[in-house]
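Residue numbering for the sequence shown follows our numbering, beginning at 55 and increasing consecutively.
Even for Gly, the Cβ is constructed at its ideal location relative to N, Cα and C.
Written below as structure tokens is the structure these notes are about.
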Amino acid sequence: MDRIGCFSEQTVELSVKSKSRERTIEIGRVFGSFLPAGSVISLEGGLGVGKTLFAGGICAGLGVMDKVLSPTFILLEEYDGLFPIMHFDLYRLEKLEEVQSLGLIDAADGCNVVLVEWGDRLPDGVLRFDIKVYIQIVSSNERIIDFNAPENFTRALMENNVFNNGS
Ligand SMILES: Nc1ncnc2c1ncn2[C@@H]1O[C@H](COP(=O)(O)OP(=O)(O)O)[C@@H](O)[C@H]1O
Ligand SMILES: [Mg+2]
55 MDRIGCFSEQ TVELSVKSKS RERTIEIGRV FGSFLPAGSV ISLEGGLGVG KTLFAGGICA
115 GLGVMDKVLS PTFILLEEYD GLFPIMHFDL YRLEKLEEVQ SLGLIDAADG CNVVLVEWGD
175 RLPDGVLRFD IKVYIQIVSS NERIIDFNAP ENFTRALMEN NVFNNGS
């Protein structure tokens, strides 16, 4: 598998189904294995859809050995992977100033991989996301994961088995 060097300008949509939590982690791992340095990613959907599990998969794909937990109560967790990873959770965000004091804008301006749960809580234009991931619950163990992502990255995902055998 070849990690993407940089993202193409054009973005496309991709949708994949996950029938288990393990599958969601695996999809995240493959996703993380193609991410270039500096990727800024929004993880969206309601409470309990699987954003943190997916973030854990992304971290695994970036070589992180630690367990990835929800930063809901602390708003930011950092991991050392192939690149520094900053995992934010904006569920409890009340004021836009908190984003500044958390260092989110600065974090997204370097080689860090930035994962933002509830990224859709940010007003338009505050941050430019390279990829948006939107997870929906289908049933207790099933999820639909929608991606809006650069065309070259999406192509790399689609060539991977995890994205084309539907289980
Ligand atoms: N296919 C699936 N993908 C992701 N999570 C699933 C799936 N099926 C069941 N779950 C459960 O949904 C929950 C997702 O939790 P979490 O990742 O913390 O969600 P969020 O961060 O979106 O609030 C976990 O308890 C997980 O076991
Ligand atoms: Mg979470």
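Quiz item: Among A210, E213, L169, P204, which one has its Cα closest to the Cα of V66?
Solution: By one-based count along the sequence shown, residue 66 stands at place 12. The shortest C-alpha separation from V66 is found at P204.
Exercise. Using only alpha-carbon positions, find the residue among T78, A210, L89, M119 that is nearest to G102.
Key: Taking the sequence shown and counting its residues from 1, one reaches residue 102 at position 48. Scanning T78, A210, L89, M119 for the CA closest to the CA of G102 turns up T78.
Quiz prompt | Pair within 7 Å by beta-carbon distance, R175 and L156 | solution = Within the sequence shown, residue 175 is the residue found at index 121, counting from 1. Within the sequence shown, residue 156 is the residue found at index 102, counting from 1. L156 is positioned such that its CB atom lies no closer than 7 Å to that of R175.
Exercise. Could you tell me if the beta carbon of S194 falls within a distance shorter than 6 Å of some heavy atom in ligand 2?
Key: Here residue 194 refers to the residue found at position 140 when the sequence shown is read from its first residue. Taking 6 Å as the cut-off, the C-beta of S194 does not count as close to any heavy atom of ligand 2.
Self-check item: Span of the beta strand (DSSP E) around S155
Solution: Taking the sequence shown and counting its residues from 1, one reaches residue 155 at position 101. The continuous stretches of beta strand (DSSP E) do not include S155, which lies in the alpha helix (DSSP H) extending over residues 150–156.
Quiz item: What are the start and end residues of the beta strand (DSSP E) that includes R197?
Solution: Position 143 of the sequence shown, counting from 1, holds the residue named residue 197. From DSSP, the beta strand (DSSP E) with R197 extends over 196–204.
Quiz item: Whole-angstrom Cβ separation of V118 and D134, contact assumed at under 8 Å?
Solution: Along the sequence shown, one-based indexing puts residue 118 at 64. Along the sequence shown, one-based indexing puts residue 134 at 80. The C-beta distance from V118 to D134 rounds to 7 Å, short enough to meet the 8 Å contact threshold.
Quiz item: Apart from the five residues just before and just after L144, which ones in its own chain have a Cβ nearer than 6 Å to its Cβ?
Solution: Working through the sequence shown from its first residue, we reach residue 144 at position 90. Within the same chain, L144 has close Cβ partners W172, R175.
Exercise. Specify whether the region 204–216 and the region 58–74 touch according to this definition: at least 3 beta carbon pairs, one from each stretch, less than 8 Å apart.
Key: Yes, the region 204–216 touches the region 58–74.
Self-check item: C-beta atoms of S72 and R197 nearer than 7 Å
Solution: Reading the sequence shown from its first residue, position 18 is the one you call residue 72. Reading the sequence shown from its first residue, position 143 is the one you call residue 197. Against a cut-off of 7 Å, the Cβ pair of R197 and S72 comes out as a contact.
Exercise. Give the single residue among I95, R182, F137, V84 whose Cα lies nearest to the Cα of G111.
Key: Taking the sequence shown and counting its residues from 1, one reaches residue 111 at position 57. Nearest C-alpha to G111: V84.
Self-check item: Burial state of M140, where buried means 16 or more other Cβ atoms lie within 10 Å
Solution: Counting from 1 along the sequence shown, the entry for residue 140 is found at position 86. Looking at its Cβ environment, which holds 16 or more other Cβ atoms inside 10 Å, M140 is buried.
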